[in-house]
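Asks: So in the working numbering, the last spot in the sequence shown is 1794, and the numbers never skip.
Before I ask anything, here is the structure I am working with.
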Amino acid sequence: MNRQRLCVLGSTGSIGENTLDVVARNPEYFRVLALAAHRNAEKLAQQCARFDAEFAVIADPALEPELAAQLQRCGSRAEILSGQEGLIRAATLPEVDTVMAAIVGAAGLEPTFRAAQAGKRILLANKESLVIAGQVFIAEARRNGAMVLPVDSEHNAIFQSLPPNFTEGLDAIGVEHIILTASGGPFLDTPTEQLAAVTPAQACDHPNWSMGRKISVDSATLMNKGLEVIEARWLFSARPEQIKVLVHPQSIVHSMVSYRDGSVIAQLGTPDMRTPIANVLAWPERIEAGVEHLNLAQINDLSFREPDLDRFPCLALAFQAMEAGDSAPAVLNAANEIAVEQFLEGRIGFTRIPELVETVLNRVPVMPLASLDDVLEQDRLARACAMDYATKCND
Ligand code: NAD
Ligand code: MG
1400 MNRQRLCVLG STGSIGENTL DVVARNPEYF RVLALAAHRN AEKLAQQCAR FDAEFAVIAD
1460 PALEPELAAQ LQRCGSRAEI LSGQEGLIRA ATLPEVDTVM AAIVGAAGLE PTFRAAQAGK
1520 RILLANKESL VIAGQVFIAE ARRNGAMVLP VDSEHNAIFQ SLPPNFTEGL DAIGVEHIIL
1580 TASGGPFLDT PTEQLAAVTP AQACDHPNWS MGRKISVDSA TLMNKGLEVI EARWLFSARP
1640 EQIKVLVHPQ SIVHSMVSYR DGSVIAQLGT PDMRTPIANV LAWPERIEAG VEHLNLAQIN
1700 DLSFREPDLD RFPCLALAFQ AMEAGDSAPA VLNAANEIAV EQFLEGRIGF TRIPELVETV
1760 LNRVPVMPLA SLDDVLEQDR LARACAMDYA TKCND
């Protein structure tokens, strides 16, 4: 494998740290050129020093002086970039081959989109980019020869279960449908009447995965699975009816592909994001990921069931937004980001999340999306509408 020169967007987060862990185990294959974070200047500086990065990007420009002090303290001579321009510059540096897109939420869209325009190899964790801008994003990546490799464990499992020519469409390769597995989150069996009172701490306490707070709440509402359904649509050129969801509480089977002849191909592993991260970092080769290997004899039970869309309306809303198409998924995502933020800040209850998303979907008309600007405009409109509703909930 040629040594890849990396930019990690969101290096201080859960995916970012797991990425650097895999990189540290395989120093001969990777050179870290740029690291980017939102506000955690201290951790960013430590990472820059440890990996001898050439660029340190802080998304909040007010923290530039703090980052400079931290870099000096750690003995790193990384050049400081900041703000949205800094993120975009790091993601498109001519010396960078591969961009790990691991910023959370719509904030990750623009730098990831610019990396696609620059023809980079994109390791995509930021699922929101594809939910908001799917068609425009994939078209831009194809036009510029940017390869998009999925980090999300379900999509990575599907990627590993498909033949290499899957970009020609699922029908051409004999796929009947794909099955995304869902753990069901921490409230899978919680009585419905108790859901209104659950706390942010309970929602973030995922039974199988350790993740950032936003995606943890999304896993608890099953909106995460809804976002993943839309993500799968664009990654694998799937028609909406070709995407199914099964609840699998053990999180061992990471997803499956069902073929015309009755074969079902799955990828299994212990629930540890370093496996899909190592897979995309090294693809098509395989590297050490530091992951505990699966011992199936010790696992008594692998079970599967249909998701309960009445108890978890966010999943149903995501399917509806996918069917509606155009700007509907962008509106769904923006409303959800606001709802999750408000929930984490203790301003709205857990069951208000689907209510808020549904209200915003009903209020913001569906518009065609032809460019990144169109996408960003719909995102803004939906956020304003969501804030308006959230404020009224608080009154
Ligand atoms: P996290 O909250 O742990 O980390 C988020 C990272 O993004 C941090 O480095 C933070 O500094 C950065 N960031 C946040 N806001 C930013 C902004 N406005 N500008 C620039 N940087 C910003 O989140 P995470 O769990 O690592 O998730 C990252 C992405 O990966 C999300 O899109 C999530 O859906 C996806 N993902 C995560 C997991 C997981 O196991 N954590 C699994 C699958 C997919
Ligand atoms: Mg996932």
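Yeah, the Cβ is synthetic: ideal placement off N, Cα and C, and Gly gets one too.
#1: Less than 8 Å separating the beta-carbons of Gly-1507 and Pro-1728?
#2: With DSSP run on the structure shown, which of helix, strand or coil describes Leu-1621?
#3: Mapping DSSP to helix, strand and coil, what is Ile-1487?
#4: Rounding to the nearest angstrom, what Cα-Cα distance links Trp-1608 and Ser-1618 in this structure?
#5: With hydrogens ignored, establish whether the beta-carbon of Asp-1551 is closer than 7 Å to any heavy atom of the ligand MG.
#6: Going by DSSP in three states, Val-1422 sits in which element: helix, strand or coil?
#7: If you run the structure through DSSP and keep just helix, strand and coil, what is Cys-1406?
#8: Which whole-angstrom value describes the C-beta separation of Leu-1716 and Leu-1760, a residue pair presumed to lie in contact below a C-beta threshold of 8 Å?
#9: Check whether the Cβ of Glu-1627 sits closer than 7 Å to any heavy atom of the ligand MG, and report yes or no.
#10: What residue range is occupied by the uninterrupted beta strand (DSSP E) comprising Glu-1575?
#11: Can you tell me whether Met-1546 is helix, strand or coil according to DSSP?
#12: Is the distance from the Cβ of Leu-1775 to the Cβ of Val-1535 below 8 Å?
#13: Using a Cβ cut-off of 8 Å (strictly closer), state whether Gly-1668 contacts chain D.
#14: Using the Cα positions of Leu-1645 and Ser-1410, report the straight-line distance between them to the nearest angstrom.
#15: Which residue wins for smallest C-alpha separation from Val-1730, given the options Ile-1557, Pro-1764, Asp-1700?
#16: With contact counted as at least three CB pairs below 8 Å, one residue from each stretch, are the segment 1497 to 1511 and the segment 1658 to 1671 in contact?
#17: Ignoring anything shorter than 3 residues or poking outside the segment 1709 to 1771, list the beta strand (DSSP E) runs there in chain order.
#18: Could you name the residues of the same chain whose beta carbon sits closer than 7 Å to that of Leu-1780, not counting the 5 residues immediately before and after it, in chain order?
#19: Where DSSP assigns a beta bridge to Val-1431, which residues make up the other side?
#20: Bridge partners of Ser-1654, per DSSP?
#21: Tell me the DSSP secondary structure of Arg-1685 in three-state form.
#22: By alpha-carbon positions, which one of Val-1597, Glu-1722, Ser-1615 ends up nearest to Cys-1603?
#23: Would you say the beta carbon of Lys-1791 is closer than 7 Å to some non-hydrogen atom of the ligand NAD?
#24: Below 8 Å on the Cβ atoms is my contact criterion, and I expect Gly-1748 with Gly-1611 to pass it. Report the Cβ-Cβ distance as a whole number of Å.
#25: Could you pull out every unbroken alpha helix (DSSP H) segment of at least 4 residues lying fully inside the segment 1590 to 1650, listed in chain order?
#26: Check this for me: beta carbons of His-1647 and Ser-1552, under 8 Å apart or not?
#27: Run through DSSP, which three-state label would Val-1456 get?
#28: I need the boundaries of the beta strand (DSSP E) containing Ser-1481, first residue and last residue.
#29: Use the C-beta contact count for Arg-1541: other C-beta atoms within 10 angstroms, 16 or more gives buried, fewer gives exposed.
#30: Cβ of Trp-1633 within 7 Å of any heavy atom in the ligand NAD?
#31: What are the start and end residues of the alpha helix (DSSP H) that includes Glu-1444?
#32: Just tell me which of Val-1503, Leu-1693, Ala-1600 has its CA closest to the CA of Gly-1745.
#33: Taking C-alpha atoms, which residue in Asp-1778, Ala-1677, Val-1628 lies nearest to Leu-1714?
#34: Check whether the Cβ atoms of Val-1456 and Ala-1501 lie closer than 8 Å to each other.
#35: Measuring only from the beta carbon, is Ala-1524 closer than 7 Å to any heavy atom that is part of the ligand NAD?
#36: Do Thr-1497 and Arg-1520 have their C-beta atoms within less than 8 Å of each other?
Replies: Answer, in terms of the structure:
#1: Their beta carbons are not under 8 Å apart, which means Gly-1507 does not touch Pro-1728 by this criterion.
#2: Coil.
#3: helix
#4: 10 Å
#5: Within the cutoff, so yes.
#6: helix
#7: strand
#8: 6 Å
#9: yes
#10: 1574 to 1581
#11: coil
#12: no
#13: Of the chains in the structure shown, none is chain D; there is only one protein chain.
#14: 31 Å
#15: Pro-1764
#16: no
#17: none
#18: Val-1763
#19: Leu-1405
#20: Leu-1579, Gln-1666
#21: coil
#22: Ser-1615
#23: no
#24: The beta carbons of Gly-1748 and Gly-1611 sit about 21 Å from each other, so the pair does not count as a contact at 8 Å.
#25: 1599 to 1602, 1612 to 1620, 1622 to 1634
#26: no
#27: strand
#28: 1478 to 1481
#29: exposed
#30: no
#31: Checking the sequence shown, residue 1444 turns out to be Ala, not Glu. Annotation for Ala-1444: the continuous alpha helix (DSSP H) segment containing it runs 1440 to 1450.
#32: Comparing Cα-Cα distances from Gly-1745 to each of Val-1503, Leu-1693, Ala-1600, the minimum goes to Ala-1600.
#33: Val-1628
#34: No, Cβ-Cβ distance for Val-1456 and Ala-1501 is not below 8 Å.
#35: yes
#36: yes
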